[in-house]
Structures are given as structure tokens and as C-alpha cells.
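Chemist: Chain order of the listed sequences is A and B. By the UniProt record's numbering, the letter at position 313 of the first sequence is numbered 313, and the numbering carries on one by one without gaps. By the UniProt record's numbering, the letter at position 113 of the second sequence is numbered 113, and the numbering carries on one by one without gaps.
2 protein chains.
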Amino acid sequence: MIYQFGQNGAAFPRRVRVVEVGTRDGFQSQAEWIPTEAKLGVLKGLIAAGLREFEATSFVSPRAVPQLRDGAELLAALGHPPGVKLTALVPNAKGAEAAAAAGIGAMVVFVSASESHNLKNLNRTRAASLEGLAQVRDIADAAGIPMQGAIATSFGCPFEGEVPVESVLMVARAYHDLGIRHITLGDTTGVATPPLVAERVRSLRAELPDLEIALHFHNTRGVGLANVMAGLAEGIDIYESSVAGLGGCPFVPRATGNISTEDLVYLLHECGIETGIDLDALCDVARAVEAIIGHELAGQVMKAGPRLQTAAMDEVRTACG
Amino acid sequence: MIYQFGQNGAAFPRRVRVVEVGTRDGFQSQAEWIPTEAKLGVLKGLIAAGLREFEATSFVSPRAVPQLRDGAELLAALGHPPGVKLTALVPNAKGAEAAAAAGIGAMVVFVSASESHNLKNLNRTRAASLEGLAQVRDIADAAGIPMQGAIATSFGCPFEGEVPVESVLMVARAYHDLGIRHITLGDTTGVATPPLVAERVRSLRAELPDLEIALHFHNTRGVGLANVMAGLAEGIDIYESSVAGLGGCPFVPRATGNISTEDLVYLLHECGIETGIDLDALCDVARAVEAIIGHELAGQVMKAGPRLQTAAMDEVRTACG
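(1) Taking just the CA atoms, how far does A128/B sit from R221/A?
(2) I need the DSSP call for R17/B, collapsed to helix, strand or coil.
(3) Ends of the alpha helix (DSSP H) at M107/B?
(4) Contact between the segment 117 to 126 of chain B and the segment 78 to 85 of chain B is defined here as three or more beta-carbon pairs at a separation below 8 Å; is this criterion met?
(5) Is D280/B buried or exposed, if buried means 16 or more other CB atoms sit within 10 Å of its CB?
(6) Three or more C-beta pairs closer than 8 Å, one from the segment 156 to 163 of chain A and one from the segment 101 to 120 of chain A: is that the case here?
(7) Mapping DSSP to helix, strand and coil, what is S61/B?
(8) Would you kindly work out how many angstroms separate the C-alpha atoms of A6/B and A98/B, rounded to a whole number?
(9) How long is the line joining the alpha carbons of R200/B and A214/B, rounded to whole angstroms?
(10) Rounding to the nearest angstrom, what Cα-Cα distance links C320/B and D25/A in this structure?
(11) How would you write the range of the alpha helix (DSSP H) that T36/A sits in, first residue to last?
(12) Counting contacts by CB-CB distance shorter than 9 Å, is F215/A in contact with chain B?
(13) Which value, in whole angstroms, describes the spacing of the CA atoms of G235/A and A49/B?
(14) Using only alpha-carbon positions, find the residue among V109/A, G224/A, A64/A, S242/A that is nearest to R181/A.
(15) Tell me the rounded alpha-carbon separation between A143/A and L308/B.
(16) Should the segment 161 to 170 of chain A be regarded as contacting the segment 293 to 302 of chain A, the criterion being three or more beta carbon pairs within less than 8 Å?
(17) In three-state terms, what does DSSP make of Q30/B?
(18) Report the partner residues of F54/A according to the DSSP bridge assignment.
(19) Could you check if R63/A is buried or exposed, using at least 16 other CB atoms within 10 Å of its CB as the buried criterion?
(20) Taking the alpha-carbon of P91/B as reference, which of E53/B, V301/B, A140/B, E20/B has the nearest alpha-carbon?
(21) Which residues, in chain order, does the segment 149 to 166 of chain A contribute to contact with chain B at a C-beta distance below 8 Å?
(22) Is the CB of G132/B under 9 Å away from at least one CB in chain A?
(23) Would you decide whether G20/A is buried or exposed? Buried here means 16 or more other CB atoms lie within 10 Å of its CB.
(24) Does the distance from the C-beta atom of E270/A to that of A244/A stay below 9 Å?
(25) Alpha carbons only, please: which of K94/A, V165/A, E162/A is nearest the one belonging to R137/A?
(26) What does Y3/A touch in chain B if you count any residue whose Cβ is under 9 Å from its own?
(27) With a threshold of 9 Å between beta-carbons, can E270/A be considered close to chain B, or not?
(28) Within 9 Å of any Cβ in chain B, is that where the Cβ of N92/A sits?
(29) Measuring CA to CA, which of V42/A, Y3/A, G9/A, P13/A is closest to T275/A?
(30) Using CA coordinates, which residue listed in T189/B, G231/B, A152/B is at the minimum distance from R205/B?
(31) With a floor of 4 residues, list each alpha helix (DSSP H) that falls wholly inside the segment 158 to 233 of chain A, ordered by position along the chain.
(32) Quick one: give me the first and last residue of the alpha helix (DSSP H) that L266/A is part of.
(33) With DSSP collapsed to three states, give me the class of E296/A.
(34) What residues from the segment 116 to 143 of chain A come within 7 Å of chain B, judged by C-beta to C-beta, listed N to C?
(35) Is A100/A helix, strand or coil when you go by DSSP?
(36) Can a CB atom of chain A be found closer than 9 Å to the CB of L267/B?
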């Protein structure tokens with residue numbers, strides 16, 4: 001039975017696509033080098049657990065993100081597992097050439113909704129970034145590879161504070177003009193809230209009804225899965241997450257990163273939503289990722305175990321309530 | 001503007017009562033002694049931050065829960081701050097006498113929905129526990145103190161697995177017969193899910209419409225605030241939580257405890273719901289609690305800071321997305 005929000009509330013989608021971004025958004029902030037072999041093992045483990053969509057790496061400057069400098073090598077080693085979609089972040093023509101050569105499944109371009117964040121992240125204005133994407137499109141078209149568009153700081157900016165919905169729509173319109181039909185609203189610094197999710201999704205749908213919308217949340221302020229609930233109530237059926245809750249944000253050193261894939265999948269399954277993912281196998285991978293990183297990560301279900309795991313009564317001293 | 005779940009979804013309540021259980025459910029699992037003075041400081045800080053309802057302590061056996069053996073002393077030192085409601089857990093007649101002597105605002109009795117958990121936690125059957133409450137009621141009535149009823153393992157049992165809604169209703173009916181009109185559904189081991197929240201709340205309301213219902217969630221599997229969203233969609237306006245996300249569960253050593261009060265308040269405020277609480281002041285107390293406990297706690301907002309806190313552009317190296 002699909003969960004329905006409140007007595008007359010929206011029914012949730014029956015099936016959700018979970019897009020794993022751990023090897024990109026999760027690993028990119030890890031200072032210590034993770035061997036390509038280890039990254040490959042994580043991707044293979046996740047595919048074995050039933051995940052079918054990955055933002056696997058970035059074709060950005062190895063100076064800017066040294067951890068992802070092995071993107072081409074990683075993709076070559078992984079090959080083209082059947083039924084699996086692999087995408088990569090592509091900031092410019094150079095990245096697009098590399099991504100095309102790697103035979104990527106889709107190129108993900110990214111521009112921030114906020115001018116300051118775009119300046120900081122890409123060292124140019126939003127207008128200049130968007131203009132530069134025509135070149136990326138030509139390369140993608142020539143290679144027969146679809147483009148997708150991510151909108152960073154879609155729910156707020158670490159330099160400007162609130163980001164008006166109009167700024168999100170402006171970038172979305174430009175993406176649409178470039179022929180992009182899959183857009184991800186990125187909660188770059190973990191400031192999304194349920195009302196903002198509803199507002200942005202509704203506005204985007206009203207203006208560009210032929211878009212496929214994905215949501216990318218961070219759990220920086222603990223409400224990542226509450227935002228997923230808001231997205232589900234709007235009928236959104238694509239969510240990006242990181243295995244084990246990998247990731248982080250340079251603005252908040254002690255904060256957690258992306259929403260955890262296994263906690264997301266747990267929530268979806270418990271709400272009666274199909275994902276095609278084996279949660280137990282996914283938790284095994286999450287624990288392996290924690291071992292690779294070498295310190296405790298934020299994912300909860302990998303630690304707590306299945307909901308209905310039972311203990312023998314003489315095993316435990318209880319004082320709960 | 002109050003958030004509405006989906007286009008035709010339920011509107012959330014305008015105001016929510018946040019019940020702090022950190023000094024009871026949070027502290028009880030701490031092995032190292034927390035001085036009464038420190039506990040008092042936490043309660044006073046929370047009152048100064050605008051919290052008005054507390055499950056402050058337990059009048060249980062000091063052998064069973066040594067950390068809470070200073071309940072009477074703590075309440076005496078706190079006195080009766082105006083507008084503040086202080087409750088305590090009371091397992092039996094002995095506890096009720098002590099609670100009455102301490103001038104508690106309400107006695108909270110507790111029985112598990114699952115027979116095994118009740119046997120383990122209280123060393124007697126649910127029927128025997130419920131029968132024993134007649135004595136507590138007589139003491140409470142004589143002292144003019146209201147009773148409240150908590151139902152432990154309302155969403156699942158660590159020994160039995162699923163708990164049928166009928167078991168929750170059975171305990172609720174017995175409470176109702178004792179004159180209790182405020183019932184808390186306790187997610188003792190963190191197995192509540194949105195559909196179970198909706199099912200249990202709707203069943204309870206249908207059968208006992210004059211009950212005030214409170215929800216008590218743990219974030220053991222990361223979905224505590226998603227469950228709050230489900231509760232809000234059902235119109236529930238009383239939630240129990242622990243400052244800094246204190247608490248834990250003897251069944252899952254690495255798991256987090258109760259939902260964090262400051263993360264809950266952040267979510268509520270962002271959804272346009274009033275609580276009367278000053279979030280910044282609350283986060284100060286949460287950080288102080290972390291210092292008292294001496295290791296990192298699970299609350300997120302106390303670490304990440306306010307949503308719209310902005311940084312200077314030259315302060316931060318960014319590589320987010």
C-alpha cells in the first residue's frame with residue numbers, strides 16, 4: 001500500500017529512481033586519496049545491490065578536485081554494465097571532450113542559481129557559464145550523448161542567503177533552451193526546507209511542464225528526509241543520495257553530507273515505494289565505504305540494521321521508553 | 001504561511017508543543033554520572049530558550065536507572081517556574097508517592113504495547129502492569145495530579161517484531177478507563193515509519209476521540225523527522241524530543257537516540273509552525289549538553305548553524321554541488 005500524506009493528502013509515487021552520487025559528491029571532499037580500485041569496488045557493490053543510476057565522477061580540473069582525477073580510468077574499468085546509467089559532471093568544453101571520450105551515459109552541466117556561488121565555484125558569472133554551455137552541447141550532440149542540468153544553491157546560498165525562485169527558473173529556462181529536459185535542484189549547502197521544495201517544484205512544473213525533475217538534498221541540518229517527504233508529496237520520483245551519507249560541505253566542518261542512500265531507500269520501502277534495490281546488500285556496501293573512509297559516517301540504517309531484526313530476551317538489558 | 005503537504009494535502013498545525021525528554025530519556029542511558037547541578041543548568045537553559053514542557057526525570061528504582069536517582073532533588077532545586085509543566089515517569093505506587101511528594105505536574109505511567117517488551121522492561125505482564133496502575137491513580141487523584149500514559153514499543157518490538165495496532169489500542173483503552181486523556185505513542189527502538197504513524201494515529205482517534213495524542217520518536221534509522229512530517233499531516237501537535245539528540249538504545253550500540261529538539265524546532269519553524277522557542281538559544285544549550293556528555297552528539301542544527309548564516313566569499317574554498 002502506497003502511503004498517503006494525511007487523510008486527503010497526495011499519494012506518493014509507486015516507484016522512485018535513486019541516483020547514487022557518492023563516488024562524485026561524496027568522495028570529492030575526501031582529502032585522502034581513495035584508490036581507483038576501491039572506488040570501482042564501491043560502484044560494483046552498488047550495482048550488485050540493484051542501483052542503476054550513478055553520477056559516477058566529474059570531468060573537472062584535477063587541480064580543483066584531485067580526488068576525481070581518475071574519472072576516465074574508473075569508467076573504463078567499470079565498462080558498460082547492462083541497464084546501468086552512468087553520468088558525470090562536466091563544467092566546460094574540455095570536460096565534455098573527456099566525458100565523450102569516456103563514453104559517459106549523460107553529461108551533467110551545472111550552474112548556480114545564486115550569482116555569488118557561481119562566481120566562487122566556477123569563477124565566472126551565471127550568464128557566462130550558461131553561454132559557455134553551447135560548446136558543451138555541440139560536443140554532446142556530436143557524440144550523441146544527452147545532457148542534464150544541475151542547479152546548485154537552488155534553495156539558498158552561503159553568501160547571499162535566500163535565493164529567489166526566479167533565479168532557479170532563470171537557469172532552468174536557459175537549460176531548457178539548450179535542449180535539456182532533466183534538471184536537478186541541488187541543495188548544495190543543506191538549506192532546503194519542505195515549503196521551499198514545494199514552491200520550487202511547483203514553479204518549475206508550471207513554467208516548464210516537460211521537464212524531468214530530480215532532487216538532490218544534503219542532511220546538513222537534519223531535515224534531508226523530511227525534504228524527501230515533501231518532494232514525494234509533490235510527486236517527484238528521482239532523488240540523489242550518497243551511500244553511507246558520504247559528503248560534506250566546506251562551510252560547515254562538523255555537518256553531515258548528502259542524504260544517505262540506505263536511509264533514503266529504507267524510508268521509500270517503508271512507504272510502500274519500489275526502488276529495485278536490495279537494502280541489506282546496500283547496507284553491506286555502506287559499511288564497506290565506512291571502512292574505506294576510516295571514520296564513522298552519518299548513515300543510520302547501516303548501523304541500526306533492519307526494522308524487524310529481533311533480539312533474544314536474555315541478550316539485552318533494557319531501560320528504554 | 002503554513003506548509004501544506006502536496007497540492008491538496010493536509011495543512012499542518014499552526015502551533016506545536018515540543019516536550020523535552022532529554023533529562024529523562026536522554027540522560028538515563030548515560031553510564032557516567034551527570035551532577036544534579038549540570039542537569040539543573042540544562043533545564044534552566046531550556047526554559048530560558050522558551051521550552052515549556054519537560055519530562056524531567058523518572059521515579060523508578062535507583063538500582064534500575066542510577067542516573068535518575070536525583071529526581072526529587074532536581075525538581076526541588078528547579079522549583080515551579082511559571083508556565084512550565086514538569087512531568088516524570090512513574091512505574092508504580094512507590095514512584096507515585098515520591099512524584100506526589102516532589103509536586104510533579106503530571107505522572108507519566110508506561111506500559112508496552114508488546115508483551116515481551118513489558119516483561120523485559122517491567123518484569124510483569126501488560127495486564128499486571130495495567131492492574132497496578134489503579135494504585136497510582138488513587139495516589140495521583142489524592143494529590144490532585146493528572147496522569148498521562150505512555151505506550152512503549154507502539155511501532156514495533158525488539159523481541160517480537162511487528163506490533164499489531166490492536167495491542168496499542170488495548171493499552172490505550174485501559175489508560176482511558178483509568179481516566180487518562182493524554183497518551184504518548186513511544187517509538188522505543190526507532191522502528192516507526194510514516195505509514196505506521198498514520199495508521200496508529202487514525203485508529204486511536206477513531207476509537208478514543210477525546211484523547212490528546214503525543215508522538216515520541218527516536219532517530220535510530222534516520223527517519224525521525226520524516227515521521228514528524230507524517231504526524232503533522234495527521235494534525236498531531238505534540239512531539240517529544242531530546243536536546244542535542246541525546247539518548248540511545250541498548251539494542252543498537254552505534255545508533256542515535258531521540259530526535260533532536262533543535263532539529264525538530266528548526267523543521268517546525270521552517271514549515272511556518274510556531275513553538276514559542278528561540279532556536280539560537282536552544283542551540284547554545286545543545287552545544288553545552290554536548291560538552292557535558294563529552295563526545296559528539298547527533299543534533300545537526302547546533303553544528304551547522306542557522307539556515308541563512310552567510311560567509312564572506314573569501315573565507316571559504318568551495319567545491320560543492
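For each residue, glycine too, the CB sits at the ideal point set by N, CA and C. Note that the structure is a prediction, hence the values are computed from the model and not measured.
Modeler: So, from the data block:
(1) As a first step, residue 221/A is located in the first sequence; it is residue number 221 there, counting from the start. As a first step, residue 128/B is located in the second sequence; it is residue number 128 there, counting from the start. Distance between the alpha carbons of R221/A and A128/B: 43 Å.
(2) Here residue 17/B refers to the residue found at position 17 of the second sequence. Looking at R17/B - three-state DSSP - the assignment turns out to be strand.
(3) Taking the second sequence and counting its residues from 1, one reaches residue 107/B at position 107. Taken as a continuous stretch (DSSP letters only), M107/B belongs to no alpha helix (DSSP H), being part of the beta strand (DSSP E) at 106 to 112.
(4) no
(5) Position 280 of the second sequence, counted from the start, is the residue given in the question as residue 280/B. Exposed, since its Cβ has fewer than 16 Cβ neighbours within 10 Å.
(6) yes
(7) One-based indexing of the second sequence puts residue 61/B at position 61. Coil.
(8) Here residue 6/B is taken as the residue at index 6 of the second sequence, counted from 1. Here residue 98/B is taken as the residue at index 98 of the second sequence, counted from 1. Checking the sequence, you will find Gly at residue 6/B rather than Ala. Whole-angstrom Cα-Cα distance: 48 Å.
(9) As a working note, residue 200/B is residue 200 in the second sequence. As a working note, residue 214/B is residue 214 in the second sequence. Answer to the nearest angstrom: the Cα atoms are 12 Å apart.
(10) The sequence position of residue 320/B within the second sequence is 320, counting from 1. The sequence position of residue 25/A within the first sequence is 25, counting from 1. Per-residue confidence for C320/B stands at a pLDDT of 44, beneath the threshold of 50, marking its modelled position as unreliable; no derived number is given.
(11) Locating residue 36/A in the first sequence gives position 36, where the first residue counts as 1. That run of the alpha helix (DSSP H) goes 36 to 48.
(12) By 1-based counting over the first sequence, the position of residue 215/A is 215. Inspection of the sequence shows that residue 215/A is occupied by Leu rather than by Phe. Not an interface residue.
(13) As a first step, residue 235/A must be located in the first sequence, where it is residue number 235. As a first step, residue 49/B must be located in the second sequence, where it is residue number 49. Their backbone Cα atoms lie some 37 Å apart in a straight line.
(14) Within the first sequence, residue 181/A is the residue found at index 181, counting from 1. Ranking the options by Cα distance to R181/A, first place goes to V109/A.
(15) As a first step, residue 143/A must be located in the first sequence, where it is residue number 143. As a first step, residue 308/B must be located in the second sequence, where it is residue number 308. Taking the straight line joining both Cα atoms gives about 42 Å.
(16) no
(17) As a working mapping, residue 30/B is identified with position 30 in the second sequence. DSSP places Q30/B in coil when its eight states are reduced to three.
(18) Counted from its first residue, the first sequence places residue 54/A at position 54. According to DSSP, which records beta bridges pairwise, F54/A is partnered with E20/A, L86/A.
(19) The count along the first sequence starts at 1 and reaches residue 63/A at position 63. It is exposed - the Cβ of R63/A has fewer than 16 other Cβ atoms within 10 Å.
(20) Here residue 91/B refers to the residue found at position 91 when the second sequence is read from its first residue. It is A140/B.
(21) A150, A152, G156, C157, P158, F159, E160, G161, E162
(22) On the second sequence, position 132 is the one that residue 132/B refers to. By this cut-off, G132/B is not an interface position.
(23) Your numbering for residue 20/A matches position 20 in the first sequence. Per the sequence shown, residue 20/A should be read as Glu rather than Gly. Buried.
(24) Position 270 of the first sequence, counted from the start, is the residue given in the question as residue 270/A. Position 244 of the first sequence, counted from the start, is the residue given in the question as residue 244/A. The answer is no: Cβ separation not under 9 Å.
(25) Position 137 of the first sequence, counted from the first residue, corresponds to residue 137/A. Of the candidates K94/A, V165/A, E162/A, the one whose C-alpha sits nearest the C-alpha of R137/A is K94/A.
(26) Translated into positions along the first sequence, residue 3/A becomes position 3. The answer, in chain order, is T193, P194, P195, A198, A230.
(27) In the first sequence, the residue the question calls residue 270/A occupies position 270. At least one chain B Cβ lies under 9 Å of E270/A.
(28) Here residue 92/A refers to the residue found at position 92 of the first sequence. False, the Cβ-Cβ gap to chain B never drops below 9 Å.
(29) Position 275 of the first sequence, counted from the first residue, corresponds to residue 275/A. Considering only alpha carbons, the answer is P13/A.
(30) As a position in the second sequence, residue 205/B is number 205, starting the count at 1. Minimum Cα distance to R205/B is reached at G231/B.
(31) 165 to 177, 194 to 207, 224 to 233
(32) As a first step, residue 266/A is located in the first sequence; it is residue number 266 there, counting from the start. The sequence shown places Tyr at residue 266/A, rather than the Leu named in the question. Per DSSP, Y266/A belongs to the alpha helix (DSSP H) from 261 to 270.
(33) By 1-based counting over the first sequence, the position of residue 296/A is 296. Correct three-state label for E296/A: coil.
(34) S116, K120, N121
(35) Numbered from its first residue, the first sequence carries residue 100/A at position 100. A100/A: helix per DSSP, three-state reduction.
(36) As a working note, residue 267/B is residue 267 in the second sequence. Interface residue, yes.
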